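Residue numbers (the UniProt record's numbering): 1 to 252.
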């Protein structure tokens, strides 16, 4: 179980456009408690992925601080933050090594945050565990352990990305529209798997989605961004009383 609190204090991110400066994130103050599953909504360009990039260090802060699990990570490089943070992207091709087998990808993920050495991977001794892990996806991934990842379907590859991101229980899980590239049936299956993993492992999670139904169904908190600011923050009780019609006002 992770016990990670995430705190963003007075976070600002700017970009230079010509001779002017445009604010991408403006005075964001956000505190996520351990075990919260937060859905993140907003129009295109509202700052959702930019917020994630601020957390992972892929974009430098103009000002403010990011604290995770009691550590100020504001100035840490992205590869250092990756010890604590796992991210699943929209594109199923990201997050996996295409020419490595499913089992090899899982073996690599099992050593996330550890110092890599030339020691034997002991892959065969882990196959039974990997097969059990992959079986929970319900899409036949357990029968493809020796198949190169590039030969998987989009749904299988995204399921693998999710397993890889969560198998070592990261302090923070970021889901960046991770079902957007999938068909409705596969998307629903990945969301069911996502919820199961997050709940069973008590993960602290933020999930960007454009699917209002998913934003309402999953998670115990919801935030809405607009023009780089958090314009709404619903706790579990308030979120439970929302309907899709209530959210449409933010997308006009």
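Ideal Cβ placement from N, Cα and C applies to all residues, glycine included.
Since this is a predicted model, take the numbers as computed values, not measurements.
Using three-state DSSP, classify residue 201 as helix, strand or coil.
If you number the chain shown from 1, residue 201 lands on position 201. Correct three-state label for residue 201: coil.
Whole angstroms is fine: what's the gap from residue 46's alpha carbon to residue 203's?
Indexing the chain shown from 1 puts residue 46 at position 46. Indexing the chain shown from 1 puts residue 203 at position 203. Going by the C-alpha atoms only, they are around 25 Å apart.
Could you tell me if the beta carbon of residue 101 falls within a distance shorter than 7 Å of some heavy atom in the ligand SAH?
As presented, the structure is devoid of all ligands, the ligand SAH included, so that no description of it is given.
Proximity below 8 Å, CB of residue 148 to CB of residue 99:
As a first step, residue 148 must be located in the chain shown, where it is residue number 148. As a first step, residue 99 must be located in the chain shown, where it is residue number 99. Taking 8 Å as the cut-off, the beta carbon of residue 148 is found closer than this to the beta carbon of residue 99.
Cutoff 6 Å; reference residue 162; Cβ partners in own chain excluding five residues on either side:
The residue given as residue 162 occupies position 162 in the chain shown. Cβ-Cβ distances below 6 Å link residue 162 to 88 in the same chain, with the five nearest sequence neighbours on each side left out; the list follows chain order.
Contact the stretch 187–206 vs the stretch 32–48: 3+ CB pairs below 8 Å
yes
The alpha helix (DSSP H) with residue 105 in it runs from where to where?
Along the chain shown, one-based indexing puts residue 105 at 105. Counting along the chain, residue 105 sits inside the alpha helix (DSSP H) bounded by residues 102–109.
Quick check on residue 143: buried or exposed, where buried means 16 or more other Cβ atoms within 10 Å of its Cβ?
What you label residue 143 is simply residue 143 of the chain shown in a count that begins at 1. Looking at its Cβ environment, which holds fewer than 16 other Cβ atoms inside 10 Å, residue 143 is exposed.
Buried or exposed: which applies to residue 60, given that a residue is buried once 16 or more other Cβ atoms fall within 10 Å of its Cβ?
Within the chain shown, the letter at position 60 stands for residue 60. With fewer than 16 Cβ atoms within 10 Å of its Cβ, residue 60 is classed as exposed.
Using a Cβ-Cβ cut-off of 6 Å (strictly less than) and excluding sequence neighbours within five positions of residue 52, which residues of its own chain qualify?
Taking the first residue of the chain shown as position 1, residue 52 is located at position 52. Cβ neighbours of residue 52 beyond the five flanking positions: 174, 176.
Cα-Cα, which of 159, 130, 109 is closest to residue 145?
If you number the chain shown from 1, residue 145 lands on position 145. For residue 145, the nearest C-alpha among the options comes from 130.
Would you mind reading off the limits of the beta strand (DSSP E) that contains residue 224?
Taking the first residue of the chain shown as 1, we reach residue 224 at position 224. Per DSSP, residue 224 belongs to the beta strand (DSSP E) from 221–226.
Residue range of the unbroken alpha helix (DSSP H) whose run includes residue 56:
Taking the first residue of the chain shown as position 1, residue 56 is located at position 56. Counting along the chain, the alpha helix (DSSP H) containing residue 56 begins and ends at 48–56.
Let's see if you can read the secondary structure: which residues bound the beta strand (DSSP E) around residue 161?
Here residue 161 refers to the residue found at position 161 when the chain shown is read from its first residue. Looking at the DSSP string, residue 161 is not in any beta strand (DSSP E); the run it does join, the alpha helix (DSSP H), is 154–166.
How big is the Cα-Cα spacing for residue 43 and residue 125?
Your numbering for residue 43 matches position 43 in the chain shown. Your numbering for residue 125 matches position 125 in the chain shown. Cα to Cα, the separation comes out at about 47 Å.
If you measure between the beta carbons of residue 86 and residue 192, is that distance less than 8 Å?
For this step, residue 86 is matched to residue 86 along the chain shown. For this step, residue 192 is matched to residue 192 along the chain shown. For residue 86 and residue 192, no; Cβs fall outside 8 Å.
If the criterion is Cβ atoms closer than 8 Å, does the pair residue 172 and residue 84 meet it?
One-based indexing of the chain shown puts residue 172 at position 172. One-based indexing of the chain shown puts residue 84 at position 84. Contact: yes.
In or out: residue 196 buried (at least 16 other Cβ within 10 Å) or exposed?
Residue numbering aside, residue 196 sits at position 196 when the chain shown is read from its first letter. Here residue 196 is exposed, its C-beta having fewer than 16 other C-beta atoms within 10 Å.
For residue 194, name the three-state secondary structure that DSSP assigns.
Numbered from its first residue, the chain shown carries residue 194 at position 194. Residue 194: helix per DSSP, three-state reduction.
With a cut-off of 8 Å on the beta carbons, I'd call residue 90 and residue 213 a contact; round off their distance for me.
The residue you call residue 90 lines up with position 90 of the chain shown. The residue you call residue 213 lines up with position 213 of the chain shown. About 18 Å; that fails the 8 Å criterion.
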